[in-house]
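Working notes, beginning with the structure itself.
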Amino acid sequence: MADSNTPNIGLLIADTADVVQYPAHIGNNLTTIDGLMGAVDCTSVTRPTNTYKGQIIYEHDTGRYVQNTGTKAAPVWSYMSHQALVENSSALPTGGLTAGELIYLSDLGALAYYSGSAWHYCTLIVCSSTTRPTGAALQTGTFIYETDTQTLLVWTGSGWAHRSFNNFVCTSSTHPSWAFQGLEIYETDTGLAAVYSGSNYLYGLQQLAPTQSVSAAANVTFSGLPAVNRLLVVWRLRSSTSGTPLGLQIDGDSTSGHYIWAKMTARAAATSASGNTGDVNAQIGTVAGSSTANYFSSGETFINGWNSTNGYCNMDSVSSCWDTTSSYWIDKMGSLYVGTAAAHTSLKIAPGSGTLTGEVTVYGGP
Amino acid sequence: MTEEQRPVHVSFDCSTGERVDTPLTDEEWEEHKARESAAEEEHLRRTRDREAALAVVQTKAAQDPAFAALATLTGVTL
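Dropping the structure here:
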């Protein structure tokens, strides 16, 4: 009988009827075994060719452990150390855990790590609104993206919430080129917000300042107004003087001749018309006195072309004013501002005499 | 008017969100009171004149149907 070899690493086995030779049957075999202790150190290009199924090697150029998952004759080298354990979110590992351990949750397509006390999802989980993750790895701050709602949600600890409060910030001349339907923007130069319809940005009239409540005010000024195309001034006021006209000035301009206005008035039992071809302010309404408790006047003025810098703006106003049940002024007014060519930034309203009590709001729009 | 009734200039800065109420100076306040008083007198005078004129129109309209029709057409409520 001849000697034979072991199948994996080819150790020499003496025939049972033969004489055991120390160097060939013992010494060489021990040397071979000693050389294979631990993982075989090599590089990704010097992997052993004399290998066997299940052999583990360490590639010091890639820093990874590799296992022969093929056969001795046809080795297949599979990296081991970059693969997380494959688990399921409904049956997370509980024993022998160490902080930093990673697992791959095949049911969610997500990774989770063990912090030392709990599992935490550590990748964005892609799901739908009906397959949101549950399980013990759901920790405060876990993010998901729902493909059906196209929404990012975060787990607050007690429920899912949308936590994206900011509109996209730009200017009126730097709208994003990648706009998508429903995108909301905020323009820093106009102070306006808009929503993208899929083809256009749609704006609304919106407050440019909180409603200002005033009491015994000689006048009310709004400064720092943005360069929007259209302003709307809405007021509800009463005065210490009965039936006093309410005037509006732009940029503090009280130059005689810079305001042209005309109005039609229903004054109690009669109607009339009047105007001024060169006033120091634009009339925008009539304000009730305080002779009747709780009687206020109200009105609106649209200023069109506010963002023009040629010095011209148009104003359209309506107002209604009751001093008493039988003493009233219903006004419809048109005004033209022919002032200095410059960007407009402030407006002031003031009564012809007396003071103002009530509230004023300024809106802006495109 | 008492000191507590001294009017204020109200100014709201939309760029900073800051509001400043500034009381009228003594000079402004005196001008303000004079203007307010004159306006009130003017309002009372105009109201009296209007009512007197309206009374004349109403009297004439009661006697003359054609005049009444004309007054109504021009916006006078009789």
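Residue numbers (this note's numbering), protein chains in the order written: chain A, 71 to 436; chain B, 100 to 177.
Backbone N, C-alpha and C fix where the C-beta goes; we use that ideal spot for every residue, glycine too.
Taking just the CA atoms, how far does residue j sit from residue i?
i	j	result
Ser378(A)	Thr341(A)	35 Å
Thr102(A)	Ile79(A)	8 Å
Tyr273(A)	Thr241(A)	14 Å
Cys391(A)	Ala420(A)	16 Å
Arg134(A)	Gly140(A)	18 Å
Thr244(A)	Leu295(A)	20 Å
Thr193(A)	Leu178(A)	10 Å
Gly229(A)	Thr210(A)	9 Å
Leu223(A)	Thr204(A)	14 Å
Leu262(A)	Pro436(A)	8 Å
Glu126(B)	Val239(A)	47 Å
Ala160(B)	Leu153(B)	10 Å
Thr51(A)	Asn299(A)	Because residue 51(A) is not part of the residues shown, which for chain A are 71 to 436, the question remains open.
Ala180(A)	Arg117(A)	32 Å
Ile214(A)	Leu167(A)	26 Å
Thr173(B)	Ala343(A)	12 Å
Trp189(A)	Pro163(A)	9 Å
Ala137(B)	Leu177(B)	30 Å
Met107(A)	Ala87(A)	31 Å
Going by beta-carbon coordinates alone, are residue i and residue j separated by less than 8 Å?
i	j	result
Ser159(A)	Leu172(A)	no
Lys418(A)	Met334(A)	no
Tyr433(A)	Gln276(A)	yes
Thr362(A)	Thr311(A)	no
Val350(A)	Tyr329(A)	yes
Ser326(A)	Gly348(A)	yes
Ala352(A)	Gly317(A)	yes
Val175(B)	Val155(B)	no
Ile127(A)	Val110(A)	yes
Thr356(A)	Ser389(A)	yes
Phe111(B)	Phe292(A)	yes
Ser185(A)	Ala161(A)	no
Ser387(A)	Gly322(A)	no
Ala411(A)	Gln104(B)	no
Gln251(A)	Tyr266(A)	yes
His131(B)	Ala288(A)	yes
Tyr149(A)	Val136(A)	yes
Val430(A)	Trp225(A)	no
Ile400(A)	Met385(A)	no
Ala332(A)	Gly345(A)	yes
So residue i packs on residue j, CB below 8 Å; how close in whole Å?
i	j	result
Tyr183(A)	Thr212(A)	Not confirmed; about 12 Å, so no contact.
Ser396(A)	Arg308(A)	So it is not a contact: roughly 17 Å between Cβ atoms.
Gly375(A)	Ile354(A)	Rounded, the Cβ-Cβ distance is 16 Å, inconsistent with contact.
Gly409(A)	Gly428(A)	Not a contact, Cβ separation roughly 27 Å.
Gln153(A)	Asn138(A)	Incorrect: roughly 15 Å between the Cβ atoms, too far for contact.
Ser247(A)	Arg134(B)	Actually they are not in contact, since the Cβ atoms of Ser247(A) and Arg134(B) sit about 57 Å apart, beyond 8 Å.
Val107(B)	Pro122(B)	5 Å
Between residue i and chain B, is there a C-beta pair that is closer than 8 Å?
i	result
Gly345(A)	no
Phe238(A)	no
Leu167(A)	no
Thr427(A)	no
Ser312(A)	yes
Thr341(A)	yes
For residue i, would you say it is in contact with chain A, using Cβ-to-Cβ distances shorter than 8 Å as the test?
i	result
Ala138(B)	yes
Val107(B)	yes
Phe166(B)	no
Asp112(B)	yes
Leu153(B)	yes
Arg147(B)	no
Glu135(B)	yes
Thr124(B)	no
Thr115(B)	yes
Arg118(B)	yes
Thr176(B)	yes
Within 8 Å of any Cβ in chain E, is that where the Cβ of residue i sits?
i	result
Gln162(B)	Absence of chain E from the displayed structure is noted, the protein chains being A and B.
Is residue i near the ligand PLP, going by C-beta to nearest heavy atom under 7 Å?
i	result
Phe250(A)	Among the components modelled here there is no ligand, and therefore nothing to report on the ligand PLP.
* To do: Check each residue of the segment 284-310 of chain A: if its Cβ is closer than 8 Å to any Cβ of chain B, include it; give the result in chain order.
  => Against chain B - using a Cβ distance shorter than 8 Å - the residues of the segment 284-310 of chain A are Val284, Ala286, Ala287, Ala288, Asn289, Val290, Thr291, Phe292, Ser293, Gly294, Leu295, Pro296 and Ser310.
* Residues in the segment 254-284 of chain A having any Cβ partner in chain B nearer than 7 Å -> Of all residues in the segment 254-284 of chain A, the ones placed with a Cβ closer than 7 Å to any Cβ belonging to chain B are Leu278, Ala279, Gln282 and Val284, in chain order.
* Asked: What residues in the segment 406-432 of chain A have a beta carbon less than 8 Å from any beta carbon of chain B?
  -> The residues in question are Gly422, Ser423, Gly424, Thr425 and Val432.
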